[in-house]
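Going by the working numbering, the sequence shown opens with residue 103, and the numbers climb by one from there. Heads up, the beta-carbon is just placed ideally off N, CA and C, and yes, glycines get one too. These numbers were taken from a predicted model, which means no experiment stands behind them.
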Amino acid sequence: MSKPINLMGLNLKNPVVTAAGPWARDGKSIQRCIDAGAGAVITETITLEAKQRVSPRLFVDGYRMFNTMLYSDLHLEQWECELEQVKKHDSKLICSIWGSSASEIAYLAAKAERMGADAIEISISAPIGSRNESVCNHSADIRAFVRAAVDAVSIPVMVKLSYEAAVSPAFLQAIEQAGAKAVSAIDAIKGLRGVDIETRKAQMSTYGGYTGRNIRPISLATTAQLRQYTQMQICSVGGIQTAEHALEFIMLGATAIQLASAIQRDGYGVITKLIGDLDDWLACHGHTEIEQVRGSALPSLMPFEDIKPNRLKARITERCDLATTDCNVCINGCLYDAISRVDGAITIDSDECEGCGLCSSGCPRRIIQLGW
Ligand SMILES: Cc1cc2nc3c(=O)[nH]c(=O)nc-3n(C[C@H](O)[C@H](O)[C@H](O)COP(=O)(O)O)c2cc1C
Ligand code: SF4
Ligand code: SF4
Numbered sequence: 103m104s105k106p107i108n109l110m111g112l113n114l115k116n117p118v119v120t121a122a123g124p125w126a127r128d129g130k131s132i133q134r135c136i137d138a139g140a141g142a143v144i145t146e147t148i149t150l151e152a153k154q155r156v157s158p159r160l161f162v163d164g165y166r167m168f169n170t171m172l173y174s175d176l177h178l179e180q181w182e183c184e185l186e187q188v189k190k191h192d193s194k195l196i197c198s199i200w201g202s203s204a205s206e207i208a209y210l211a212a213k214a215e216r217m218g219a220d221a222i223e224i225s226i227s228a229p230i231g232s233r234n235e236s237v238c239n240h241s242a243d244i245r246a247f248v249r250a251a252v253d254a255v256s257i258p259v260m261v262k263l264s265y266e267a268a269v270s271p272a273f274l275q276a277i278e279q280a281g282a283k284a285v286s287a288i289d290a291i292k293g294l295r296g297v298d299i300e301t302r303k304a305q306m307s308t309y310g311g312y313t314g315r316n317i318r319p320i321s322l323a324t325t326a327q328l329r330q331y332t333q334m335q336i337c338s339v340g341g342i343q344t345a346e347h348a349l350e351f352i353m354l355g356a357t358a359i360q361l362a363s364a365i366q367r368d369g370y371g372v373i374t375k376l377i378g379d380l381d382d383w384l385a386c387h388g389h390t391e392i393e394q395v396r397g398s399a400l401p402s403l404m405p406f407e408d409i410k411p412n413r414l415k416a417r418i419t420e421r422c423d424l425a426t427t428d429c430n431v432c433i434n435g436c437l438y439d440a441i442s443r444v445d446g447a448i449t450i451d452s453d454e455c456e457g458c459g460l461c462s463s464g465c466p467r468r469i470i471q472l473g474w
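Now the structure itself:
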């Protein structure tokens, strides 16, 4: 049984939202997100002019994904037809919009409400192209943009943030004062896949959005930081693939979480699986509501300045025979010469150990412990 939550006054049957992107690019794909069980579906970002597609636009490399797609390639009129076909059942529909001026945003927001949206997400800080840069650097612009949407509709408005925008207290204050009820964070991070050193050419012809599991640590820190700076609800996104990932964000204060490139990589089934696994975890731990875990990891975080200086010591708990392992993590990584080979096995000299933690956190066998 899914656990309902309240996002911006909307009752969502579960905290799993599908993020703006091509997995929700038209009526059919939105329906697939709904049928997979998403609590809410955010459309690919709708603009006044349909964006032209460039090819190639997706660069996948293991779990690293880069894209050079900027918003929807459908015209507004086409969106009207697409959304007419969608059967929302008990899911909510959030229209993601982008405009180059406050009046464009107001127009699109009002149109989205008429097309059946339950909420609006303003996407204002995508890392691709240069048109968003001025908005991201000026709190006054974002305030006017958000205010225009809030005044134009009777449904709630949330704002999608880049990493840079999400960690700017002035930017957040402007968004909150303008009447937004929630923020989504983070958008893709500006990245380049690499350079082919033989041809001396970049592997992508423009900067792209870097997404997937490698950005999760950045997104986790952003969620925790947002919880410090703002009262707005947080809909976390960035590298989430499993129920465990979703719980990490919820324990740092997220109201809901979004799935994005995990759907692109693993298909729509990842939505259903995550919801089922989340319910199982909560049931196993005796929780009847998401509220019982929300924010529970926040007290374990403190400012760096409040951590008391100390010096723990590393200790090996089982013999590690270098003849039977290819691993050199601790012996290569200890910069304090505390680890050496004695009789073919790893030995730690506690007098030299500075307690940096590299060996204990990096040991694949988890046989090194830090303690007093
Ligand atoms: C192919 C692709 C297209 C995307 N298109 C949009 C978009 O139209 N609007 C938007 O706000 N975010 C868009 N995003 C960003 C995602 O919504 C999400 O913020 C980002 O992928 C980080 O989450 P992830 O690491 O789980 O993928 C897109 C991401 C990808 C991979
Ligand atoms: S904790 Fe740091 S200093 Fe101590 S043995 Fe491990 S790597 Fe070396
Ligand atoms: S990191 Fe662990 S497994 Fe690797 S060499 Fe050191 S003790 Fe052995």
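Across the structure, K189 and S202 are spaced so that their CA atoms are roughly 31 Å apart.
With three or more CB-CB distances shorter than 8 Å, the stretch 203-220 counts as touching the stretch 247-260. DSSP places G378 within a helical segment (H, G or I) once states are collapsed to three.
Per DSSP, the beta-bridge partners of T313 are M167.
Not one heavy atom of ligand 3 falls within 7 Å of the beta-carbon of I244.
Within the model, the alpha-carbon separation for G311 versus F168 is close to 5 Å. With 5 Å as the limit, the residues whose C-beta approaches any heavy atom of ligand 3 more closely are C422, C429, V431, C432, I448, C465, R467, in sequence along the chain. Here N108 is exposed: its Cβ has fewer than 16 other Cβ atoms, across all protein chains shown, within 10 Å. Residue state for A447 is assigned as strand, using DSSP reduced to three classes.
Between ligand 1 and the CB of Q471, the shortest heavy atom gap is not smaller than 7 Å. Looking at the backbone, the Cα of E420 and that of R468 are separated by about 10 Å.
Counting along the chain, the unbroken beta strand (DSSP E) around C197 starts and ends at 194-199. In this structure, I320 sits near Y265, with a CB-CB distance shorter than 8 Å. In the three-state reduction of the DSSP assignment, S338 falls in the strand class. Within the stretch 386-424, the beta strand (DSSP E) runs of at least 3 residues that lie entirely inside it are, in chain order, 415-418.
Cα atoms of R134 and A140: separation of roughly 9 Å, rounded to the nearest angstrom. In the DSSP assignment, no residue is bridged to F247. Taking a contact to require three or more Cβ pairs closer than 8 Å, the stretch 372-380 and the stretch 314-333 do not qualify as touching. When DSSP states are grouped into helix, strand and coil, V188 belongs to the coil group. Closest in alpha carbon position to G457, among D445, D428, L472, is L472. Beyond the five residues adjoining it in sequence on each side, Q327 comes within less than 7 Å, by CB distance, of V269 in the same chain, given in chain order. Between the alpha carbons of G281 and L274 lies a gap of roughly 11 Å. When the beta-carbon positions are compared, T357 and I336 come within less than 8 Å of each other. DSSP lists S198, M260 as the beta-bridge partner residues of E223. In the structure shown, A140 adopts coil according to DSSP, grouped into three states. Here D298 is bridged, per DSSP, to K303. I409 counts as exposed, since fewer than 16 other C-beta atoms from the protein chains shown sit within 10 angstroms of its C-beta.
Distance check between L384 and each of L349, I418, L460, R367 places L349 closest, using alpha-carbon atoms only.
Assignment of T149 by DSSP, reduced to helix, strand and coil, places it in the coil class.
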